[in-house]
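Numbering (the working numbering), first residue to last: 1 to 339.
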């Protein structure tokens with residue numbers, strides 16, 4: 001299969017420059033947002049020892065000044081609550097390690113497998129369910145690529161590969177091109193799903209090459225964005241989404257229901273309306289995966305159901321995402337009954 005030329009060096013360099021322009025010290029972020037005098041927030045810095053702090057300045061620009069409850073800030077800021085231990089919270093909340101059938105590959109569902117393209121993300125969200133995943137045993141290298149691709153070739157029941165990570169779009173254009181070529185050469189594959197938060201955090205990641213490459217794939221491509229709040233969507237995000245839509249890429253969104261961030265029917269209604277206005281269909285609203293260090297984000301099932309009932313009264317049915325939970329051993333995501 002022929003490789004596309006990568007002539008658009010300017011947009012390629014833009015996203016890499018923005019990826020490097022990152023804040024790794026929570027105090028620096030608090031100073032920028034004029035919150036460094038808040039004693040509780042200052043004490044929260046210690047929690048970065050549990051999970052590194054990382055947020056690109058492209059995302060910081062969408063945060064509100066002098067607002068400790070800002071929904072974007074709350075997703076990334078270290079807090080003392082991360083030290084809390086709870087019996088229902090673990091380092092492997094959905095038992096993914098038992099499905100790690102080959103390096104970089106998770107075979108959780110019968111006809112679908114998850115390929116962990118890269119271990120890193122542009123942003124470290126504090127509720128990340130893979131914050132303790134053993135990426136050291138799933139390194140992205142030639143030997144592991146070969147093992148993962150060979151497993152996929154040998155399992156003809158697979159018809160869809162889900163690119164995940166970390167964030168799969170952390171891979172450079174030439175790496176993604178090579179990966180897509182390998183997958184497209186496997187006859188029993190028909191669909192490619194890409195889950196990414198990077199294109200929201202750094203919209204410039206959607207280069208001209210990415211758009212062209214996805215458009216010419218023989219696989220049916222679905223791109224799932226990870227957006228939790230409408231405030232994350234600015235004009236730069238809209239432009240990148242428009243580029244993908246122009247190439248007929250199917251766009252869905254999944255969110256995580258997070259206490260203090262989007263656990264409100266009106267907030268979710270605004271998110272759904274905003275997503276639809278730019279061409280993305282709300283898909284899943286995940287309950288929190290109970291990863292150690294994220295107890296302060298959980299919304300109990302009773303409240304989640306109440307929020308969903310309220311949401312149903314505010315938007316059209318096609319704008320209501322399905323409330324789901326990832327339960328280990330189940331053949332798919334479990335859709336929660338609203339009662």
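Ideal placement from N, C-alpha and C gives every residue a C-beta, glycine not left out.
Counting C-beta atoms within 10 angstroms of its own C-beta, residue 39 has fewer than 16 neighbours from the protein chains shown and is therefore classed as exposed.
Shortest Cα-Cα distance from residue 23 to any of 120, 60, 134 and 86 involves 60. Sequence-distant partners of residue 54 (beyond 5 residues in either direction) whose C-beta falls short of 7 Å from its own C-beta, in its chain, are 22, 24, 123 and 124. Put simply, of 47, 62 and 49 the residue whose alpha carbon is nearest the alpha carbon of residue 33 is 62. Residue 85 sits in coil when the DSSP states are folded into three classes, being neither helix nor strand. In the structure shown, the three-state DSSP call for residue 14 is helix.
Approximately 5 Å separates the beta-carbon atoms of residue 51 and residue 131; this is inside 8 Å, confirming the contact.
Judged by their CB atoms, residue 194 and residue 158 are not nearer to each other than the 7 Å cut-off. About 16 Å separates the Cβ atoms of residue 294 and residue 285, ruling out a contact at the 8 Å cut-off. DSSP places residue 246 in the helix class (H, G or I) of the three-state scheme. In terms of CA proximity to residue 240, 225 leads the group 47, 98 and 225. The continuous beta strand (DSSP E) containing residue 225 extends over residues 220-226.
In the assembly as shown, residue 94 is a buried residue. Its beta-carbon has 16 or more other beta-carbons within 10 Å. Within the same chain, Cβ atoms closer than 8 Å to the Cβ of residue 247 are found at 211, 212, 214 and 215, the five residues on either side in sequence being excluded. Scanning 171, 197, 232 and 237 for the CA closest to the CA of residue 203 turns up 237.
Per the coordinates, the alpha-carbon of residue 96 lies some 33 Å from the alpha-carbon of residue 41.
The Cβ atoms of residue 161 and residue 182 lie no closer than 7 Å to each other. Counting C-beta pairs closer than 8 Å gives fewer than three between the region 132-142 and the region 297-311, which falls short of the contact rule. The distance from the Cβ of residue 104 to that of residue 144 is about 5 Å, consistent with a contact at the 8 Å cut-off. DSSP places residue 43 in the uninterrupted alpha helix (DSSP H) bounded by 39-43. Of 175, 255, 102 and 173, the smallest CA-CA separation from residue 153 is found for 102. DSSP lists 256 and 324 as the bridge partner or partners of residue 286. Pairing residue 338 with residue 269 gives a Cβ-Cβ distance that is not under 7 Å. Within the region 102-182, the complete beta strand (DSSP E) runs of at least 3 residues fall at 105-109, 112-118 and 160-165. At least 7 Å separates the beta-carbon of residue 308 from that of residue 319.
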